[in-house]
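Worksheet: one structure, shown below.
Residue numbers (the UniProt record's numbering): 1 to 120.
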């Protein structure tokens, strides 16, 4: 395939993806993003197959902060049926972070706690 044909094909794929995403309800997009953040945070706090190789609390803190901000901001929009499991998952990774930390953060200072309040 020539470069021009490949470019046209890539452009067409991008347009189709934009059309596809335009058809996805906001609640579904929010949940999908939250699940990706939650899954990545779980891996980084050592809840995956190979915690010795995957544990990265600096990265986990960033992911948990982003997840907490999203879950907190979107809770009213997505409704309790969707928000409750996301909050439960968020709390689980926050507690796992605290457990994995050699020096735990002060109450209310852990990842995401500026959005959720202290987790214990």
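In this text, a Cβ means the ideal position worked out from N, Cα and C, and glycines have one as well.
These figures come from a predicted structure and were not determined experimentally.
With 16 as the cutoff for other CB atoms within 10 Å, does residue 81 come out buried or exposed?
By the 10 Å Cβ count, residue 81 comes out exposed.
Taking Cβ to Cβ, would you say residue 26 is nearer than 9 Å to residue 77?
A contact, by the Cβ cut-off of 9 Å.
Quick one: what's got a C-beta closer than 6 Å to residue 108's C-beta in the same chain, skipping five residues either side?
Contacts found: 118.
The alpha helix (DSSP H) spanning residue 71 covers which residue range?
Note, residue 71: alpha helix (DSSP H), 57 to 78.
Is residue 100 closer than 9 Å to residue 46 when the C-beta atoms are compared?
Yes; because the gap between Cβ atoms is below 9 Å, this pair is in contact.
Taking the alpha-carbon positions, what's the residue 51 to residue 40 distance?
Near 13 Å, if we compare the C-alpha coordinates of residue 40 and residue 51.
Pop quiz: residue 112 and residue 68 are said to be a contact at Cβ under 8 Å. What is the actual Cβ separation, rounded to whole angstroms?
Between residue 68 and residue 112 the Cβ distance is about 3 Å, and since that is below 8 Å, they are a contact.
According to the neighbour-count rule (16 or more other Cβ atoms, all chains shown, within 10 Å of its Cβ), is residue 53 buried or exposed?
Residue 53 should be labelled exposed.
Taking the alpha-carbon of residue 73 as reference, which of 12, 96, 30, 95 has the nearest alpha-carbon?
It is 30.
Ends of the alpha helix (DSSP H) at residue 30?
First-last of the alpha helix (DSSP H) with residue 30: 26 to 44.
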